[in-house]
Amino acid sequence: RRTPLETTTITTVDHHNSTWHEFENLLDTSKGSHVSGISEVKKYLQRFGYLKFSNTSSSDKFDNEFEVAVTRYQRKLGLTVTGNLDYETISQMTLPRCGMRDTLPPLKFHAIQH
Amino acid sequence: YNYFKGKPRWSRAIPTTLTYAFSPNYIVSNLKLSDIKVTFRQAFSRWSAVIPLNFTETEDYGFSDIKIGFYSGDHDDGEPFDGVLGVLAHGFSPESGKLHLDAAETWAVDFESEKSGVAIDLESVATHEIGHVLGLAHSFVKESVMYPSLKPREKKLDLKVDDIEGIQELYGSNPKFNMESLSQSDTSSSN
């Protein structure tokens with residue numbers, strides 16, 4: 014029996030935006046990833062009110078706080094809530110938009126003891 | 106719909122008239138000023154149709170309630186623009202009256218004559234930013250004018266029920282306005 018040919022799916026995001034188009038390089042990253050450029054998405058989420066500034070804000074680690082922020086963003090913008098930087102989320106982030114912050118309830122992060 | 110913190114609004118007695126003016130120094134070159142003025146007049150009229158506020162243009166920029174200008178990059182309000190696309194504009198909460206548009210965008214008043222793939226509809230953005238100037242924050246109803254994003258070559262002009270209910274909670278209803286006169290598509294988002 015012949016081995017099926019390996020197929021590769023290439024997903025691209027519409028390149029709408031010169032400011033945030035590099036977010037496309039982060040497609041499908043999820044918690045635990047450490048990818049150059051995540052700090053830029055953190056800045057985006059801080060700017061528009063989804064992520065509180067913290068001492069991990071400048072790191073490229075996809076940490077817990079970042080996942081919570083991505084989830085908040087997805088929920089508020091009416092996207093599928095995955096907590097990951099999926100195609101739908103990256104596409105939304107790269108759209109041109111108003112510069113005013115999105116109005117959200119105050120950010121609260123609770124320490125959870127495991 | 107949402108409001109800014111403290112739910113600010115223009116505090117003068119209703120009904121009232123707010124004046125607006127265009128900065129004589131910060132305009133864009135790819136559009137005629139007369140076209141920009143017509144576009145903003147239409148955008149203001151969408152809001153005045155539903156609330157008891159009128160808007161009138163004045164040449165006296167310094168004393169106008171609402172000050173409109175096209176700015177590039179850092180323009181000293183703490184919210185620098187970022188070039189083509191990205192952030193398109195911002196309008197500040199009452200009673201600041203500042204309405205700023207990014208001069209780097211390819212602003213369009215007519216997509217028939219403006220063929221650029223990154224053209225942005227001026228009237229859609231003007232209508233959205235006027236909503237901020239009047240006191241509405243971003244809505245997360247996708248069809249609403251106050252939703253935060255807009256694609257290039259997209260138009261979003263008509264106020265939806267979400268926008269109207271939000272602004273009428275601040276200022277009351279224009280006595281001539283009838284919610285039932287809205288088209289099916291305007292009301293579908295609230296359903």
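Quick note, the sequences are listed as chains G and L, same order. Following the working numbering, the numbering of the first sequence begins with 14 at its first residue and continues without gaps. Following the working numbering, the numbering of the second sequence begins with 106 at its first residue and continues without gaps. Even for Gly, the Cβ is constructed at its ideal location relative to N, Cα and C. Note that the structure is a prediction, hence the values are computed from the model and not measured.
In this chain, the alpha helix (DSSP H) harbouring T232 (chain L) covers L227 to L239. With a beta-carbon spacing of about 18 Å, A148 (chain L) and Y176 (chain L) fall beyond the 8 Å limit used to define contacts.
The three-state secondary structure of T124 (chain L), taken from DSSP, is strand. Taking C-beta atoms as the reference points, I173 (chain L) and L204 (chain L) count as a pair closer than 8 Å.
Around P280 (chain L), no beta-carbon contact reaches into chain G at under 9 Å, the shortest distance being about 30 Å.
Taken atom to atom, the span from the alpha-carbon of V133 (chain L) to that of L158 (chain L) is near 28 Å. Burial state of D170 (chain L) is buried, judged by a 10 Å Cβ sphere holding 16 or more other Cβ atoms. Among the CB atoms of chain L, one or more fall inside 8 Å of the CB of T32 (chain G).
A check of alpha carbon separations from S198 (chain L) across L:F282, L:W115, L:E259 and L:S286 identifies L:W115 as the nearest. Under the criterion of beta carbons closer than 8 Å, H237 (chain L) and P253 (chain L) do not qualify as touching, at roughly 10 Å. Around the CB of H47 (chain G), fewer than 16 other CB atoms lie within 10 Å, so the residue is classed as exposed. Contact annotation: in the segment 232 to 244 of chain L, residues whose CB is within less than 8 Å of a CB in chain G are H233, E234, H237, A242 and H243. Counting only the Cα atoms, G191 (chain L) lies some 11 Å from P257 (chain L). Distance from the Cα of L90 (chain G) is smallest, within the candidate group G:T116, G:S70, G:D73 and G:I51, for G:T116. With fewer than 16 other Cβ atoms inside 10 Å of its own Cβ, L138 (chain L) counts as exposed. With its beta carbon less than 8 Å from one in chain L, T116 (chain G) belongs to the interface.
One finds nothing in chain L with a Cβ atom closer than 9 Å to the Cβ of Q87 (chain G); even the nearest lies about 11 Å away. Contact between E80 (chain G) and K55 (chain G) is ruled out by a C-beta separation of about 11 Å, above the 8 Å threshold.
With respect to the 8 Å criterion, T42 (chain G) and F75 (chain G) are classified as neighbours on the basis of their beta carbons. Sixteen is the threshold: since fewer than 16 other Cβ atoms of the shown chains lie within 10 Å of the Cβ of P129 (chain L), the residue is exposed. Among the residues facing chain L, Q105 (chain G) is included, as its CB has a counterpart in that chain under 8 Å away. If you compare the alpha carbons of L:L227, L:P280 and L:D267 with that of I141 (chain L), the shortest gap goes to L:L227.
The continuous beta strand (DSSP E) containing G174 (chain L) extends over residues I171 to Y176.
Residue range L158 to E162 is occupied by the beta strand (DSSP E) that includes E162 (chain L), with no alpha helix (DSSP H) assigned at that position. Listed along the chain, the chain G residues whose CB falls inside 8 Å of the CB of V192 (chain L) are T32, P109, R110, C111 and G112. Around the beta carbon of P280 (chain L), fewer than 16 other beta carbons lie within 10 angstroms, which makes this residue exposed.
A check of alpha carbon separations from R110 (chain G) across L:L255, L:E217, L:P120 and L:S278 identifies L:L255 as the nearest.
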